[in-house]
């Protein structure tokens, strides 16, 4: 919102704020969250190819690297699409090291060239959750290390994670090493659980048995998968997707359905 106001002051209504997401699904998620938080600011969302006039009439654009590269590839000069960029946010900037990194490099180079030629201000923001060489990436983005580089390690977390190194016997990826690793991991008690592992397993096993995913003998503690459980394991879906199915089919569902509400 603040950057939108700054762009409005400096560029009037002739500006774009670009959010580059690595995947189409993530772009849709960003649009959904933005629309939920800033419903009064966000208008329509389009999962399609926009015309030049539609892009010019839009201030906030969420896109993928390939899409934005195609839009700005043939534009140049003061009338080009790059000249309208007031802010560009590159999510998962660590993709620079992967196959799609060339596209992101092209977008950054094109933006920096426009900034130098027009002497305009188009900040570039790079975000990543896993970026050990963040200094190199900041230099590539022409970011001031003292003012624009922010690095948050595990000490910023409310509950910092702990690392344990366990040495097991056996050749790598062998059945012996896998068995020894499972045993060592199981014997490493979590102090937060306080010996409640058996209770956690028992509760989860009962729920899976109720929906026919596994067979569970409570007296002996033995577990074995069912045919439905094997199919579900092979073709698993996210819990958020299950919730969408529940919302769509809830009026038609009965107690005989294999995935009742609440699973």
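In my numbering, the protein residues as written are 445 to 707.
Note that CB positions come from ideal geometry on N, CA and C, so glycine has one too.
Around the beta carbon of residue 668, fewer than 16 other beta carbons sit within 10 angstroms, so the residue counts as exposed. Shown here, residue 567 sits in coil according to DSSP, grouped into three states, outside any helix or strand.
In the three-state scheme derived from DSSP, where H, G and I count as helix and E and B as strand, residue 585 is classed as coil. Each residue's CA atom was taken as its position, placing residue 619 and residue 629 some 15 Å apart. By the Cβ test, the segment 461–471 is in contact with the segment 500–513, since at least three Cβ pairs between them sit closer than 8 Å. If you look at residue 500, you'll find it in the alpha helix (DSSP H) that goes 496–500. Counting along the chain, residue 552 sits inside the alpha helix (DSSP H) bounded by residues 545–562. In the three-state reduction of the DSSP assignment, residue 503 falls in the coil class. In this chain, the alpha helix (DSSP H) harbouring residue 515 covers 509–516. About 6 Å separates the beta carbon of residue 548 from that of residue 540, a gap short enough to meet the 8 Å contact definition.
By alpha-carbon distance to residue 594, the top candidate from 497, 658, 582, 604 is 582. Burial of residue 471 is indicated by the presence of at least 16 other C-beta atoms within 10 angstroms of its C-beta. For residue 660, DSSP records a beta bridge to 667.
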